[in-house]
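J.: Here it is: the structure, laid out below.
Numbering (full-length UniProt numbering), first residue to last: 1 to 248.
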């Protein structure tokens with residue numbers, strides 16, 4: 001039996017195992033998908049030893065960027081983004097294991113935005129600057145949508161939360177939460193922005209899908225904003241990951 005999995009921490013919120021195991025059963029595949037909750041990538045070697053049938057794994061917070069240091073090959077788009085969420089385990093010279101990294105987050109997010117059929121001249125604000133944020137930023141660039149990134153520790157052109165005044169917030173038509181605020185163990189938290197300034201002219205998109213409606217989305221919806229969670233993105237990126245794993 002082939003094994004696939006997910007590494008990250010925490011993982012209580014993740015629906016990946018349920019999704020893939022249902023998919024494997026429905027398609028009659030002799031495969032299983034396991035969650036591997038690890039706080040440090042130092043523990044990855046133990047996961048590999050304990051699961052010799054592992055053929056690939058997804059990567060989630062907080063490892064999407066640091067995993068790059070553990071890879072034999074990085075897909076050019078993933079290298080450009082600076083984050084990986086899919087690793088394929090291959091056999092190299094003399095059967096030695098090689099770890100090939102890819103990013104399917106940017107493709108999935110891009111497709112969900114296209115599916116919304118938004119009017120032209122959008123401007124986006126991304127809350128957070130980690131691996132997920134980098135993929136979202138790449139998607140907006142490919143879509144031709146101008147975007148700014150907000151970080152608690154801004155670098156370069158990134159903005160701080162203090163920069164996002166109510167007046168500034170109204171200038172963005174799409175606001176994306178790419179932080180972990182809203183999922184376990186931060187379920188009652190939300191990014192610190194001026195929610196009272198939001199309106200029905202804006203789309204608020206949370207990459208989190210569990211809970212279905214985060215505090216960020218609740219507050220946005222209360223101001224009349226259009227809202228969307230990350231469930232569609234999860235499914236699309238998972239299907240892209242499977243296409244990578246199943247290719248020889």
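We treat Cβ as the ideally placed atom computed from N, Cα and C, and that holds for glycine.
All figures in this text were calculated on a predicted structure; none of them were measured in a lab.
(1) Report the residue ranges of all alpha helix (DSSP H) runs contained in full by the region 35-107; include only those spanning at least 4 residues, in chain order.
(2) Name the two residues that bound the continuous alpha helix (DSSP H) containing residue 207.
(3) Pick from 65, 159, 35 and 72: whose alpha carbon is nearest that of residue 96?
(4) Would residue 7 and residue 84 be called neighbours here (beta carbons separated by less than 7 Å)?
(5) Could you have a look at residue 15 and say whether DSSP puts it in helix, strand or coil?
(6) Helix or strand or just coil, what does DSSP make of residue 322?
(7) Start and end of the beta strand (DSSP E) containing residue 175?
(8) Just to confirm, is the Cβ distance from residue 80 to residue 240 under 7 Å?
(9) Pick from 208, 177, 74 and 9: whose alpha carbon is nearest that of residue 43?
(10) Could you have a look at residue 113 and say whether DSSP puts it in helix, strand or coil?
(11) Alpha carbon to alpha carbon, what distance is there between residue 75 and residue 194?
T.: With the structure as the only source:
(1) 44-50 and 76-81
(2) As a working mapping, residue 207 is identified with position 207 in the chain shown. Element bounds for residue 207: n/a, residue is neither H nor E.
(3) By 1-based counting over the chain shown, the position of residue 96 is 96. Residue 96 has its Cα closest to that of 72, out of 65, 159, 35 and 72.
(4) The residue given as residue 7 occupies position 7 in the chain shown. The residue given as residue 84 occupies position 84 in the chain shown. In this structure, residue 7 sits away from residue 84, with a CB-CB distance that is not shorter than 7 Å.
(5) For the purposes of this step, residue 15 is taken as residue 15 along the chain shown, with counting starting at 1. In the displayed model, residue 15 falls within coil according to three-state DSSP, outside both helix and strand.
(6) Nothing in the structure corresponds to residue 322, since the chain is present only between 1 and 248.
(7) By 1-based counting over the chain shown, the position of residue 175 is 175. Its beta strand (DSSP E) spans residues 174-177.
(8) Residue mapping note: residue 80 aligns to position 80 of the chain shown, counting from 1. Residue mapping note: residue 240 aligns to position 240 of the chain shown, counting from 1. In this structure, residue 240 does not lie closer than 7 Å to residue 80 by Cβ.
(9) As a position in the chain shown, residue 43 is number 43, starting the count at 1. Residue 9 is the option with its Cα nearest to residue 43.
(10) Residue mapping note: residue 113 aligns to position 113 of the chain shown, counting from 1. Residue 113: helix per DSSP, three-state reduction.
(11) In the chain shown, counting from the first residue as 1, residue 194 sits at position 194. In the chain shown, counting from the first residue as 1, residue 75 sits at position 75. Distance between the alpha carbons of residue 194 and residue 75 is about 38 Å.
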